[in-house]
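Student: Mind looking over this structure? Questions follow.
Residue numbers (the numbering used here), protein chains in the order written: chain R, 145 to 339; chain Z, 3 to 71.
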């Protein structure tokens, strides 16, 4: 999402995420030092708490962790700049309050793993003894948004939202990201190192 | 803005970490998940010791490493 200044570009990037996360939790987004101003430098945002996990309300006793890496760049294209944020990776994780990972969604195109496209890992505690799958397997997905994780938590795991209008809030929050991103799914085009 | 309701401030604030706070966070996670401190993790990462690692915990820690990618 674009901004007239680096700060405005980061604000445009983070504000939808603030609204989306507020559907599920009352927490903070922690930004790495310089993450509002420094151009052409990788930054991250994460949630606070034990290893970045925050408690969710509901019978499943789950916690959520969200992390992203991003850069503030110049973009001369009409309506894309002069400054905007480009994402460089994400990690979304659901785990139980006893710290057993349920599912991790990853995209780390420049990370250590050989897998550069969006994928998920099933938590080892969710896998039976004779399973073919292990937590190390990279199972391909499309590009996943924070909003999709929040919808999944509410719809599939009965997490109790704070926002009774969470459907509309998440749709509104997700729209600018989907308008400006350059690739949506792993299979459509090979994702660039950054979007 | 498209995503904000009129007058509605979300219940999630944004806080920028200090360099010390960021390093302490990385150190805590590296010790807890991988049994190494932040300095050792950074050294191993930049030396390529985690290349092709399929361990999701490495990714989780690396997300907090400045200029990792």
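All C-beta atoms in this analysis are idealised placements derived from N, C-alpha and C, irrespective of residue type, glycine included.
Would you mind giving the Cβ-Cβ distance between residue 145 of chain R and residue 320 of chain R, rounded to the nearest angstrom? I have them listed as a contact below 8 Å.
Tutor: Position 1 of the first chain, counted from the start, is the residue given in the question as residue 145 of chain R. Position 176 of the first chain, counted from the start, is the residue given in the question as residue 320 of chain R. The Cβ separation is near 5 Å, so the contact holds.
Student: By the 10 Å Cβ neighbour count, where 16 or more other Cβ atoms means buried, how is residue 277 of chain R classified, buried or exposed?
Tutor: Within the first chain, numbered from 1, the residue matching residue 277 of chain R stands at position 133. Residue 277 of chain R is exposed by the Cβ-count criterion.
Student: Is it buried or exposed, residue 52 of chain Z, if we count other Cβ atoms within 10 angstroms and call 16 or more buried?
Tutor: Taking the first residue of the second chain as 1, we reach residue 52 of chain Z at position 50. Counting Cβ neighbours within 10 Å, residue 52 of chain Z comes out buried, since at least 16 surround it.
Student: Using a Cβ-Cβ distance under 7 Å, would residue 18 of chain Z count as near chain B?
Tutor: The structure shown contains no chain B; its protein chains are R and Z.
Student: Residue 290 of chain R by DSSP, collapsed to three states: which one?
Tutor: Here residue 290 of chain R corresponds to residue number 146 of the first chain, with the count starting at 1. Residue state, collapsed to three classes: helix.
Student: Excluding the 5 residues preceding and the 5 following residue 265 of chain R in the sequence, name in chain order all residues of the same chain whose CB lies nearer than 6 Å to its CB.
Tutor: Position 121 of the first chain holds residue 265 of chain R. Within the same chain, residue 265 of chain R has close Cβ partners 248 and 279.
Student: In its own chain, which residues sit with a C-beta less than 6 Å from the C-beta of residue 291 of chain R, not counting the 5 before and 5 after it?
Tutor: Position 147 of the first chain, counting from 1, holds the residue named residue 291 of chain R. For residue 291 of chain R, where only same-chain residues beyond five positions count, the Cβ hits under 6 Å are 164, 314, 317 and 318.
Student: Please go through the same chain and pick out, in chain order, the residues whose beta-carbon is closer than 7 Å to the beta-carbon of residue 310 of chain R, but skip the five residues on each side of it.
Tutor: The sequence position of residue 310 of chain R within the first chain is 166, counting from 1. Result list for residue 310 of chain R: 167 and 298, in chain order.
Student: Would you identify the three-state DSSP class for residue 226 of chain R, choosing helix, strand or coil?
Tutor: Along the first chain, read from residue 1 onward, the residue named residue 226 of chain R stands at position 82. Residue 226 of chain R falls in the coil class under three-state DSSP.
Student: Output the distance between the C-alpha atoms of residue 223 of chain R and residue 251 of chain R, rounded to the nearest integer angstrom.
Tutor: Sequence index remark: in the first chain, residue 223 of chain R carries index 79 (1-based). Sequence index remark: in the first chain, residue 251 of chain R carries index 107 (1-based). Rounded to whole angstroms, residue 223 of chain R to residue 251 of chain R spans 26 Å at the Cα level.
Student: One question on the structure: do residue 156 of chain R and residue 227 of chain R come within less than 7 Å of each other, judged by their Cβ atoms?
Tutor: Locating residue 156 of chain R in the first chain gives position 12, where the first residue counts as 1. Locating residue 227 of chain R in the first chain gives position 83, where the first residue counts as 1. No; because the gap between Cβ atoms is not below 7 Å, this pair is not in contact.
Student: How about residue 29 of chain Z: is its C-beta nearer than 7 Å to some C-beta of chain R?
Tutor: The count along the second chain starts at 1 and reaches residue 29 of chain Z at position 27. False, the Cβ-Cβ gap to chain R never drops below 7 Å.
Student: Please decide whether residue 186 of chain R counts as near chain Z, where near means a Cβ-Cβ distance under 7 Å.
Tutor: Along the first chain, one-based indexing puts residue 186 of chain R at 42. Yes - at least one Cβ of chain Z is within 7 Å of the one on residue 186 of chain R.
Student: For residue 37 of chain Z and residue 63 of chain Z, I'd like the C-alpha separation in whole angstroms.
Tutor: Taking the second chain and counting its residues from 1, the one referred to as residue 37 of chain Z is at position 35. Taking the second chain and counting its residues from 1, the one referred to as residue 63 of chain Z is at position 61. Residue 37 of chain Z and residue 63 of chain Z: Cα-Cα distance of roughly 11 Å.
Student: Could you name the residues of chain Z that residue 172 of chain R contacts, counting a contact when the two beta carbons are closer than 9 Å?
Tutor: For the purposes of this step, residue 172 of chain R is identified with residue 28 of the first chain, where counting begins at 1. By Cβ distance, chain Z contributes 14, 15, 16 and 17.
Student: Between residue 330 of chain R and chain Z, is the shortest Cβ-Cβ distance under 7 Å, so that the two count as touching?
Tutor: The residue you call residue 330 of chain R lines up with position 186 of the first chain. Any reading at residue 330 of chain R must be qualified, since the residue scores a pLDDT of 42, below 50, and its modelled position is unreliable; the value itself is stated next. Output row for residue 330 of chain R: interface = no.
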